[in-house]
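Asks: Going by numbering that gives the first Met the number 0, the first residue of the sequence shown is number 0, and it counts up by one from there.
By construction, the Cβ of each residue, glycine as well, lies at the ideal position given by its N, Cα and C atoms.
All values reported here derive from a predicted model rather than from experimental measurement.
My structure is below; once you've seen it, I'll send some questions.
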Amino acid sequence: MQDAWLYARLNPEDVFAKLHHYSLTVPQGEREIEYVITVHEYGPAEQESRRFVARADKQTNQRTAAYTPCGWGSTLLDALSRCVREIHRFPYEGDEDRPLGALEVNENSIPAE
0 MQDAWLYARL NPEDVFAKLH HYSLTVPQGE REIEYVITVH EYGPAEQESR
50 RFVARADKQT NQRTAAYTPC GWGSTLLDAL SRCVREIHRF PYEGDEDRPL
100 GALEVNENSI PAE
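Right under this line is the structure:
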């Protein structure tokens, strides 16, 4: 049974997810930036289009509006590939260069489908 892990949940209100981890190294100029992407796999739910949610461990675009690359979809591949596209959307600028008060954008600020 593929989703047998879902039966470990004791309380129906609990949100239970299986985690998948991936590493992506992106060349940027003279350096390489490694991202660790975590994909949360939720059980079958009302929001089937968001069964898989991927999020990178680093932000990009830190100097202007810090952004945490993320993606979601009905399959692991959908969520992972959307997150990878978002990683390539803005350059990694390093947290140490981020000005005080810079706008921070993450998946919580993205409207639901």
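For Q27, does the count of other Cβ atoms within 10 angstroms reach 16, so buried, or fall short, so exposed?
Replies: Taking the first residue of the sequence shown as 1, we reach residue 27 at position 28. In the assembly as shown, Q27 is an exposed residue. Its beta-carbon has fewer than 16 other beta-carbons within 10 Å.
Asks: What are the boundary residues of the alpha helix (DSSP H) that includes L79?
Replies: The residue given as residue 79 occupies position 80 in the sequence shown. L75 to R88 is the span of the alpha helix (DSSP H), which, as asked, contains L79.
Asks: W71 lies in the beta strand (DSSP E); which residues open and close that run?
Replies: As a working note, residue 71 is residue 72 in the sequence shown. That run of the beta strand (DSSP E) goes C69 to G72.
Asks: In whole angstroms, give me the CA-to-CA distance for A78 and E47.
Replies: Position 79 of the sequence shown, counted from the start, is the residue given in the question as residue 78. Position 48 of the sequence shown, counted from the start, is the residue given in the question as residue 47. So the alpha carbons of these two residues sit roughly 12 Å apart.
Asks: Suppose you measure from the CA of L9 to the CA of E85; what does that come to, to the nearest Å?
Replies: If you number the sequence shown from 1, residue 9 lands on position 10. If you number the sequence shown from 1, residue 85 lands on position 86. Those two C-alpha atoms are separated by around 35 Å.
Asks: What are the partner residues of P26, as DSSP defines its beta bridges?
Replies: Residue numbering aside, residue 26 sits at position 27 when the sequence shown is read from its first letter. Answer is E31.
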